[in-house]
Structure formats: C-alpha cells, structure tokens
Amino acid sequence: MNRRLSGNWQVWEHPAEADIEADDLALALAEETGKPALVGFVMDSDCVVIEAADSGNGAWTACLSPKAMAGYLAEDGQQLEDWMLTPEQAAEHAVTWARSAGRQVALAPLVEIFQKEANPFAEELFFTLLGRLSLV
82 MNRRLSGNWQ VWEHPAEADI EADDLALALA EETGKPALVG FVMDSDCVVI
132 EAADSGNGAW TACLSPKAMA GYLAEDGQQL EDWMLTPEQA AEHAVTWARS
182 AGRQVALAPL VEIFQKEANP FAEELFFTLL GRLSLV
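Quick note: to get my numbering, add 81 to the position in the sequence shown (first position is 1).
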C-alpha cells in the first residue's frame, strides 16, 4: 500500500520480509533524502515502534501502546525504559521533528497519543500520530 498525504508525504506499507534492513531505517531515509523521516513498525496490531530522524537532530525511538510494548519486551527480559523514550520525552522529540518537517504542533496531544493504548488496533494510533504531526 502506498498512500499520499499532504505536502508530498507518503505512507508506505511494507510487509515483513527478510530482505529489508529495519535497523536505523528512519535515519538512513533521512540521510538519503535530506528530509525528516518517520517509520512505524506495527507489532501484531498491538503496538508500534516509532523511529524518527532528521538531518539536524538525529534519531529517536518511542512507541505507541506502551503497556503492550512492555509486554513484548518483558518476554525477552527487557524493560520498556531500556529501549523507548517516555511519552513526555517522545512528545518533545516529536515537536522538534515536526518543526524540522515544517509543521508546528502542540505538545500535549502528542503526550496523550504516546500514552494511549491500542483499542483495538495499533495502526489507528499510528494514523492518529500522523494527524497530530500535521501530516494528514
């Protein structure tokens, strides 16, 4: 699936395949294009790993549906805080990221989306995040 958004933004769905290198994908895209990039890795519709990057501020990682993500990490003996920013930190980074993308966004609605749990599907949270970043 490829969906065009306002301002030449695109949402591209790529099924999980062994031939795509997911590590630091947002940073690689930002470096390649010279533009900010945001990548969402959906995990069984339960939660989403968010990777975002821009050339001036580097990369950051957060998640949508943090309780579900914590459950996945706990299966491997890891903790959410080891891998993801807190909702407040993620929102601050998202505001900076949006600014680099030419958007002005409010902090509080971003904190809310990074705290929210999927109900029922995490994909809905991802598209809500895109809306709060003024991309849709």
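All C-beta atoms, glycine included, are put in the ideal place defined by N, C-alpha and C.
For clarity, every value in this text was computed on a predicted model and none was experimentally measured.
Item, Value
"Ends of the beta strand (DSSP E) at residue 142?", "139-145"
"Applying the 10 Å Cβ sphere with the 16-neighbour rule, what's the burial state of residue 137?", "exposed"
"Would you please state the rounded distance, in angstroms, between the beta carbons of residue 161 and residue 142? I believe it to be under 8 Å.", "Contact flag wrong, Cβ pair sits at about 11 Å."
"Could you tell me if residue 191 is buried or exposed, where buried requires 16 or more neighbouring beta carbons within 10 angstroms of its beta carbon?", "buried"
"Assign residue 187 to one of two classes, buried (16 or more other C-beta atoms within 10 Å of its C-beta) or exposed (fewer than that).", "exposed"
"Under three-state DSSP, which class holds residue 105?", "coil"
"Which whole-angstrom value describes the C-beta separation of residue 127 and residue 199, a residue pair presumed to lie in contact below a C-beta threshold of 8 Å?", "6 Å"
"What number of angstroms, rounded off, separates the C-alpha of residue 215 from the C-alpha of residue 185?", "8 Å"
"Going along the chain, which residues of its own chain have a beta-carbon closer than 7 Å to the beta-carbon of residue 154, five neighbours each way excluded?", "160, 161, 164"
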